[in-house]
Amino acid sequence: MPRKTTKIVVYIMIISMLLSLFAGATAMLF
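Using numbering that gives the first Met the number 0, read the sequence shown as starting at 0 and increasing by one per residue.
Structural data, given as structure tokens:
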């Protein structure tokens with residue numbers, strides 16, 4: 000796989016992980 004594609008996949012994984020953490024924190028608050 001090209002380096003650029005790998006970087007994009009890593010970014011998507013990090014963003015989805017942050018979104019799931021944020022959703023979990025919001026669910027705990029409310």
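Quick reminder that beta carbons are idealized off the backbone N, C-alpha and C, glycines included.
If you're wondering where the values come from, they're calculated on a predicted model, not measured in any experiment.
- prompt: For F29, which of helix, strand or coil comes out of DSSP?
  reply: coil
query: How big is the Cα-Cα spacing for P1 and F29?
result: 43 Å
query: Does any CB atom of chain B fall closer than 8 Å to the CB of A24?
result: Included in the structure is just one protein chain, with no chain B present.
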